[in-house]
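Here the structure comes first, spelled out in structure tokens, and everything after it is commentary.
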Amino acid sequence: MIVSSPHSGRNYPPDFVAASALTPLRLRSSEDSFVEDIFSYAPDLGASLIQALFPRVFVDVNRQPYELDPTMFSDPLPHYVITQNSRISAGLGTIARVVSNGERVYKNKLTFQEAEERINHFYRPYHDALQTLINNTKDEFGYCILLDCHSMPSGRIGTNNPSQSKPSRLAEIVLGDCHGTSCHPHIMKSSNEFLTGCGFSVRRNIPYAGGFITRNYGKPKEGVHALQIELNRALYMDEQHIEPLEEIKPLRHAMTGFMEQLGKLVIPDMGYKEAAE
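The working numbering runs 1 ahead of the 1-based position in the sequence shown.
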């Protein structure tokens, strides 16, 4: 099994921070903060853990390599660049125009060379490493389960009611299998049952069915089963100050149990005894 955390990086290059129109704290609002900590016991279970150390607002590895907003750049973009889709329109392409609450990231326009350097030096190495892990896992075990780990805003930032200790708008966990296309249905079914049994409220594919990593690598017919998991941030962190709460400890324990269960899962009709642990 492989566990990926593509959005929890928080090493912000000084030049990037200086070029931003936002404070360092506001830049962090798009982070899936502390997700790598919550899933940190993956290697102890025999799974591979890959995490981006750089932030998603710098370059987002959960996008196609060239999803770029032309209004952000001072020079024309090459013909192969994707310039129109819902993510770009929302300001959340490979190079983000805004952070999660819609605040503009940059003071000035970028050059395409700046985007290309981030893609070549950060984006591509992440995907090269992930593909290598997938290939090695398939070679050893016959197939591979990829768990792509994220967090989602609770929608309750700024609440004045401290008694609201759990999310009130979204489910606590959202599982995404690209509407049944990125993994064997038994993986989704077993994951939903396990997490529900732990007491979490769980939804499938709504509002997050799976990003680029889940869609791109999830190829069940080729033996790669990708499942995306989104954790509601109200479960474990102070979203306004981006600090972990004590509740992160039981959540980490629950996710460790989930990974252990997933790694031992027997997938019907695959012809192999168990997934890569």
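Backbone N, C-alpha and C fix where the C-beta goes; we use that ideal spot for every residue, glycine too.
Keep in mind it's a predicted model, so treat the numbers as computed, not measured.
Put residue i into one of helix, strand or coil per three-state DSSP.
i       : result
Leu-111 : strand
Asn-121 : helix
Leu-263 : helix
Pro-15  : helix
Leu-236 : helix
Ile-249 : helix
Gln-105 : Here residue 105 turns out to be Arg, not Gln, going by the sequence shown. If DSSP states are grouped into helix, strand and coil, Arg-105 belongs with the strands.
Met-2   : coil
Asp-129 : helix
Glu-231 : strand
Leu-148 : strand
Leu-134 : helix
Ser-21  : strand
Glu-223 : helix
Glu-141 : helix
In angstroms, rounded to a whole number, what distance separates the CA positions of residue i and residue j?
i       : j       : result
Thr-72  : Ile-174 : 35 Å
Ser-31  : Phe-55  : 12 Å
Gly-10  : Arg-57  : 7 Å
Phe-259 : Leu-176 : 13 Å
Val-60  : Thr-95  : 6 Å
Asp-70  : Ile-120 : 15 Å
Val-99  : Leu-93  : 7 Å
His-254 : Gly-143 : 29 Å
Glu-117 : Pro-7   : 19 Å
Phe-123 : Leu-263 : 29 Å
Pro-14  : Lys-265 : 39 Å
Pro-79  : His-187 : 42 Å
Asp-129 : Asn-136 : 11 Å
Asn-233 : Arg-125 : 29 Å
Tyr-107 : Leu-252 : 35 Å
Leu-196 : Val-18  : 38 Å
Leu-281 : Glu-261 : Residue numbering for the chain in the displayed model covers 2 to 278; residue 281 lies beyond these limits and cannot be assessed.
Pro-269 : Gly-156 : 38 Å
Lys-110 : Gln-132 : 33 Å
Ala-97  : Pro-44  : 31 Å
Val-267 : Ala-22  : 50 Å
Gly-219 : His-242 : 35 Å
Asn-102 : Lys-250 : 27 Å
Asp-178 : Gly-198 : 20 Å
Ala-194 : Ala-235 : According to the sequence as given, residue 194 is Glu; it is not Ala. Answer to the nearest angstrom: the Cα atoms are 22 Å apart.
Asn-37  : Glu-141 : It should be noted that the sequence gives Glu, not Asn, for residue 37. The alpha-carbon atoms of Glu-37 and Glu-141 are separated by roughly 25 Å.
Phe-74  : Met-189 : 41 Å
Using beta-carbon positions only, say whether residue i and residue j come within less than 7 Å of one another.
i       : j       : result
Gly-211 : Ser-183 : yes
Glu-231 : Met-153 : yes
Glu-248 : Tyr-237 : yes
Ile-39  : Ser-5   : no
His-151 : Asp-16  : no
Ile-146 : Met-2   : yes
Val-203 : Ala-172 : yes
Leu-134 : Ser-49  : yes
Pro-221 : His-185 : yes
Asp-76  : Phe-35  : no
Lys-139 : Gly-224 : yes
Ala-53  : Tyr-127 : yes
Arg-88  : Glu-68  : yes
Asn-1   : His-180 : Examination of residue 1 is not possible in this model, given that the chain is present from 2 through 278 alone.
Asp-149 : Gln-85  : no
Between residue i and chain B, is there a C-beta pair that is closer than 7 Å?
i       : result
Arg-234 : Checking the listed chains, one finds no chain B in this structure; it contains a single protein chain.
| task | Could you pull out every unbroken alpha helix (DSSP H) segment of at least 4 residues lying fully inside the region 172-221, listed in chain order? | result | 186-198, 213-218
| message | I'd like to know if the region 62-71 and the region 213-233 are in contact, where contact means that at least 3 CB-CB pairs between them fall below 8 Å. | response | yes
| task | Only counting runs of 3 or more residues, tell me where the beta strand (DSSP E) segments fall wholly within the region 37-94, in order along the chain. | result | 49-52
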